[in-house]
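Structure first, commentary second.
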Amino acid sequence: MEYIFALWRPALLCFALLSFGSVTGQVSYTIPEEMTKGSLVGNIAQDLGLQIKRLISGKARIYPRDSDQYVELNRERGVLLVKERIDREALCRRTTPCALHFQIILENPMEFYTVTVQITDINDNAPTFEKTEMEFKISESAVTGAKFVLKRAVDVDVGTNDLQRYELKPTDNFVLKMHNNADGNKNVEMVLQKPLDREKKEQISLVLTAIDGGEPQMSGTMQILIIVLDVNDNAPVFTQQTYKATVTENSPKGTVVATVTASDADQGSNSKITYSITNTLGNVKKLFEVNTENGQVSLVETIDFEKTKRFQINIGRSPPR
Numbered sequence: 086m087e088y089i090f091a092l093w094r095p096a097l098l099c100f101a102l103l104s105f106g107s108v109t110g111q112v113s114y115t116i117p118e119e120m121t122k123g124s125l126v127g128n129i130a131q132d133l134g135l136q137i138k139r140l141i142s143g144k145a146r147i148y149p150r151d152s153d154q155y156v157e158l159n160r161e162r163g164v165l166l167v168k169e170r171i172d173r174e175a176l177c178r179r180t181t182p183c184a185l186h187f188q189i190i191l192e193n194p195m196e197f198y199t200v201t202v203q204i205t206d207i208n209d210n211a212p213t214f215e216k217t218e219m220e221f222k223i224s225e226s227a228v229t230g231a232k233f234v235l236k237r238a239v240d241v242d243v244g245t246n247d248l249q250r251y252e253l254k255p256t257d258n259f260v261l262k263m264h265n266n267a268d269g270n271k272n273v274e275m276v277l278q279k280p281l282d283r284e285k286k287e288q289i290s291l292v293l294t295a296i297d298g299g300e301p302q303m304s305g306t307m308q309i310l311i312i313v314l315d316v317n318d319n320a321p322v323f324t325q326q327t328y329k330a331t332v333t334e335n336s337p338k339g340t341v342v343a344t345v346t347a348s349d350a351d352q353g354s355n356s357k358i359t360y361s362i363t364n365t366l367g368n369v370k371k372l373f374e375v376n377t378e379n380g381q382v383s384l385v386e387t388i389d390f391e392k393t394k395r396f397q398i399n400i401g402r403s404p405p406r
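When the sequence shown is numbered by our numbering, its final residue is 406 and no position is left out of the sequence of numbers.
The structure is reproduced here in structure tokens:
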């Protein structure tokens, strides 16, 4: 029977506590997160009007037991102390207010006091991006006003310490546009305000900065690389407007008379140049030909000086504009 009595005694004691105990006082404290171990939370004896000897004789303790993970009671001094560093974000995530709730229990006679310790946020987290780089491939023909969605930053702090604004630099071609979602988050868009020109700049590097409202302010950055895609917006240009050449009559077929050269500021397939003779009158096409790839003009037939002393050959290049 003694064994059974010992087994059930805690249950009976708990029942008595719930049934006959009464709240004889309450107190609240507010402390910032990240306080060092041993820091003072509050003078519980003074604030509840208790004597040190009462705390000791009444075996004062924190209830429930798992509530003393972060705060401990020093009976001899009558104070509550930080037991372990408190990370508000780990404890409460984004819930506000963030608080610890527990009781101080005393025996003989049974008393318990309600204690609330509110944990305030400090600016100990900078805004961060999931990825530190983004890449966009945008055609130089993209119209002004075109929008491109950017990845948002995350700040686990709350209130004014949370993410407040973004900055985009430089702003030569793009500006930022933000709007609030129903969930309170901000969507971030990059808006084209000035047309792109690949021939002037093939790549554009931008920096998106997320800034919080804490003191001091903290920020996080993401690199944005814009690769400008080419469109066929440039005509090939000959290195000379007029080419002059001399050839003796009776020169054999295949003799190279001249070489014309053109260049195109476009890229890739848009820069490929094809040469051709564009004369539609006379016998120029019968006597001369041009290599479509390298621009060499050569004889197809022998030339009779007595028939014709001068030829004008019109060379075209494609793609035309």
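Glycine is no exception: its CB is placed at the ideal position from the N, C-alpha and C atoms.
Between the alpha carbons of residue i and residue j, how many angstroms are there, rounded?
{"i": "A184", "j": "I116", "result": "10 Å"}
{"i": "K232", "j": "S403", "result": "34 Å"}
{"i": "D247", "j": "R150", "result": "33 Å"}
{"i": "D297", "j": "I207", "result": "12 Å"}
{"i": "N200", "j": "V156", "result": "The amino acid occupying residue 200 in the given sequence is Val; Asn does not appear at that position. In a straight line, the C-alpha of V200 is about 11 Å away from that of V156."}
{"i": "T340", "j": "S348", "result": "25 Å"}
{"i": "E197", "j": "M307", "result": "According to the sequence shown, residue 197 is Phe rather than Glu. The alpha-carbon atoms of F197 and M307 are separated by roughly 53 Å."}
{"i": "N364", "j": "K357", "result": "22 Å"}
{"i": "V112", "j": "R146", "result": "15 Å"}
{"i": "I141", "j": "E161", "result": "7 Å"}
{"i": "L103", "j": "G143", "result": "Confidence at L103 is low in this model, with a pLDDT of 42, below 50, so its placement is unreliable and no value can be given for it."}
{"i": "R397", "j": "Q326", "result": "For clarity, residue 397 is Gln in the given sequence; the question names Arg instead. For Q397 and Q326, the distance between alpha carbons rounds to 13 Å."}
{"i": "V243", "j": "T121", "result": "21 Å"}
{"i": "Q352", "j": "Y251", "result": "34 Å"}
{"i": "L98", "j": "E192", "result": "Here L98 scores only 37 on pLDDT, less than 50, and its place in the model should not be relied on; the value that follows carries that caveat. So the alpha carbons of these two residues sit roughly 11 Å apart."}
{"i": "T393", "j": "G380", "result": "24 Å"}
{"i": "V385", "j": "V375", "result": "10 Å"}
Taking the continuous beta strand (DSSP E) assigned at residue i, which residues delimit it?
{"i": "K271", "result": "K271 to L277"}
{"i": "D297", "result": "Q288 to D297"}
{"i": "I400", "result": "I400 to S403"}
{"i": "I190", "result": "C183 to L191"}
{"i": "A343", "result": "V341 to T344"}
{"i": "Q30", "result": "The chain is shown from 86 up to 406; residue 30 falls before or after that span and cannot be answered."}
{"i": "G230", "result": "Note, G230: premise wrong, no beta strand (DSSP E); not H, not E."}
{"i": "Y148", "result": "R146 to Y148"}
Taking the continuous alpha helix (DSSP H) assigned at residue i, which residues delimit it?
{"i": "I207", "result": "Note, I207: premise wrong, no alpha helix (DSSP H); not H, not E."}
{"i": "S142", "result": "I137 to S142"}
{"i": "L165", "result": "Per DSSP, L165 belongs to no alpha helix (DSSP H); it is in the beta strand (DSSP E), V164 to V167."}
{"i": "A175", "result": "R173 to C177"}
{"i": "V369", "result": "V369 to L372"}
{"i": "Q131", "result": "I129 to L133"}
Output needed for residue i: all residues of its chain with C-beta closer than 6 Å, excluding positions within five of it in sequence on either side, in chain order.
{"i": "V276", "result": "K232, V260 and K262"}
{"i": "T324", "result": "T346"}
Just to confirm my understanding: we take residue i, look at its own chain, exclude 5 residues before and 5 after, and list those with CB closer than 8 Å. What are they?
{"i": "D282", "result": "E225 and V313"}
{"i": "S124", "result": "I116, L166 and V167"}
{"i": "E218", "result": "M307, Q308, I309 and L310"}
How would you label residue i, buried or exposed, when you count the other beta carbons within 10 angstroms and need 16 or more for buried?
{"i": "V234", "result": "exposed"}
{"i": "R237", "result": "buried"}
{"i": "R179", "result": "exposed"}
{"i": "D409", "result": "Only positions 86 to 406 of the chain appear in this structure, which leaves residue 409 out of reach."}
{"i": "D257", "result": "exposed"}
{"i": "V126", "result": "buried"}
{"i": "R173", "result": "buried"}
{"i": "V228", "result": "exposed"}
{"i": "F90", "result": "At F90 the pLDDT is 33, less than 50, meaning the model places this residue with poor confidence and gives no usable figure here."}
{"i": "Q188", "result": "buried"}
{"i": "P212", "result": "buried"}
{"i": "G230", "result": "exposed"}
{"i": "E87", "result": "Because E87 sits at a pLDDT of 36, beneath the cut-off of 50, its placement in the model cannot be relied upon, and the point is left open."}
{"i": "I137", "result": "exposed"}
What residues in its chain sit with their C-beta under 7 Å from that of residue i, if we drop five residues either side in the sequence?
{"i": "N335", "result": "T387"}
At least 3 beta-carbon pairs within less than 8 Å: the segment 288-297 vs the segment 370-377: no
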